[in-house]
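Participant:
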Ligand SMILES: Cc1cc2nc3c(=O)[nH]c(=O)nc-3n(C[C@H](O)[C@H](O)[C@H](O)COP(=O)(O)O)c2cc1C
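Numbering (the working numbering), first residue to last: 1139 to 1349.
1) Since I believe residue 1310 is in contact with residue 1251 (beta carbons under 8 Å), could you give me their beta-carbon distance rounded to a whole number of angstroms?
2) Closer than 7 Å, CB to CB, is residue 1269 near chain B or not?
3) I'd like the span of the beta strand (DSSP E) that includes residue 1258, first residue to last.
4) Name the two residues that bound the continuous alpha helix (DSSP H) containing residue 1237.
5) If you run the structure through DSSP and keep just helix, strand and coil, what is residue 1202?
6) What residues in its chain sit with their C-beta under 6 Å from that of residue 1242, if we drop five residues either side in the sequence?
7) Starting from residue 1221, trace the alpha helix (DSSP H) both ways and give me its first and last residue.
8) Given this structure, state the Cα-to-Cα distance separating residue 1229 from residue 1298, to the nearest angstrom.
9) Tell me, to the nearest whole angstrom, how far the beta carbon of residue 1274 is from that of residue 1291; I am working on the premise that it is less than 8 Å.
10) Report whether the distance from the Cβ of residue 1214 to the nearest heavy atom of ligand 1 is below 6 Å.
11) By the 10 Å Cβ neighbour count, where 16 or more other Cβ atoms means buried, how is residue 1150 classified, buried or exposed?
12) Please look up how many angstroms separate the CB atoms of residue 1231 and residue 1246, rounded, as I've assumed it's under 8 Å.
13) With a threshold of 6 Å, establish whether the CB of residue 1180 neighbours any heavy atom of ligand 1.
14) Provide the residue span of the beta strand (DSSP E) that contains residue 1332, from first to last.
15) Look at the alpha carbon of residue 1198 and the alpha carbon of residue 1341, and state the distance between them as a whole number of angstroms.
16) Would you grab the beta carbon distance between residue 1209 and residue 1316 for me? Rounded to a whole angstrom, and I think it's under 8 Å.
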């Protein structure tokens, strides 16, 4: 298939220093509301970038579950590849891409484990079957077969007999405290708008960047 001519023009909106919020979390909230309102699948999905212990950067998609001034929260297995990477280097990147709105947002920050009561609350808000999967999956480790996974699932399901499982200690949230943001809005003729925020003490320094 010929892909070198695959391209489109971006004309949906613009982004200016005059209309953008002084606060990046408020600006993120405006954009997230807008994309969630379009009913696009996985609009809360973000690429999480970590530094692997082998020195290579690694990215994978996770779902954003909460955010506020204190940080951006996702949930995972603390013993997974990403968990191990974060423990050795808490500097991470978050990256959202919303093609329908021709937007991307990039966030850099430091990740740390959330309070256990938030992890408990979120764990138990998930469907029971997802809770069982989270418990039996030693995320990112090698397993012998698909059958093995399904057996582990069935064994725990039978043991529980519809009882409520406890959250495993190795499953919970990470909160990414942001240091930098970049908001990107696609524009016509590739003259895109890019506005960045960088934390300087208690204030956010705002800059327009060349596309
Ligand atoms: C749309 C989507 C949402 C996902 N959400 C999560 C999530 O919230 N938490 C998670 O641990 N993995 C999630 N995953 C799976 C991860 O991308 C990844 O495969 C898994 O966490 C293992 O990553 P690691 O081996 O780099 O630690 C999601 C995948 C997709 C495609």
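By construction, the Cβ of each residue, glycine as well, lies at the ideal position given by its N, Cα and C atoms.
Facilitator: For this structure:
1) If you number the chain shown from 1, residue 1251 lands on position 113. If you number the chain shown from 1, residue 1310 lands on position 172. Indeed they touch by this definition, with Cβ atoms about 6 Å apart.
2) Judged by its chain identifiers, the structure shown contains no chain B, having just a single protein chain.
3) In the chain shown, the residue the question calls residue 1258 occupies position 120. Segment 1254-1263 is the alpha helix (DSSP H) holding residue 1258; no beta strand (DSSP E) there.
4) The count along the chain shown starts at 1 and reaches residue 1237 at position 99. Residue 1237 -> no alpha helix (DSSP H), and no H or E assigned at all.
5) Taking the first residue of the chain shown as position 1, residue 1202 is located at position 64. Coil at residue 1202, not helix or strand.
6) As a first step, residue 1242 must be located in the chain shown, where it is residue number 104. So the list reads 1235, 1322, once near-sequence residues are dropped.
7) Mapped onto the chain shown, residue 1221 falls at position 83. Looking at the DSSP string, the run of the alpha helix (DSSP H) that includes residue 1221 is 1219-1226.
8) Position 91 of the chain shown, counting from 1, holds the residue named residue 1229. Position 160 of the chain shown, counting from 1, holds the residue named residue 1298. Each residue's Cα considered, the two are about 38 Å apart.
9) Counted from its first residue, the chain shown places residue 1274 at position 136. Counted from its first residue, the chain shown places residue 1291 at position 153. That belief holds up - the Cβ atoms of residue 1274 and residue 1291 are roughly 5 Å apart, short of 8 Å.
10) Along the chain shown, read from residue 1 onward, the residue named residue 1214 stands at position 76. Residue 1214: yes, Cβ under 6 Å from ligand 1.
11) Position 12 of the chain shown, counting from 1, holds the residue named residue 1150. Under this definition residue 1150 is an exposed residue.
12) As a working note, residue 1231 is residue 93 in the chain shown. As a working note, residue 1246 is residue 108 in the chain shown. Approximately 5 Å separates the beta-carbon atoms of residue 1231 and residue 1246; this is inside 8 Å, confirming the contact.
13) Here residue 1180 refers to the residue found at position 42 when the chain shown is read from its first residue. Flag set: Cβ of residue 1180 near ligand 1.
14) As a position in the chain shown, residue 1332 is number 194, starting the count at 1. Here the beta strand (DSSP E) through residue 1332 covers 1331-1338.
15) For the purposes of this step, residue 1198 is taken as the residue at position 60 of the chain shown. For the purposes of this step, residue 1341 is taken as the residue at position 203 of the chain shown. Cα to Cα, the separation comes out at about 31 Å.
16) Position 71 of the chain shown, counted from the first residue, corresponds to residue 1209. Position 178 of the chain shown, counted from the first residue, corresponds to residue 1316. Right, the Cβ-Cβ distance comes to about 7 Å (below 8 Å), so this counts as a contact.
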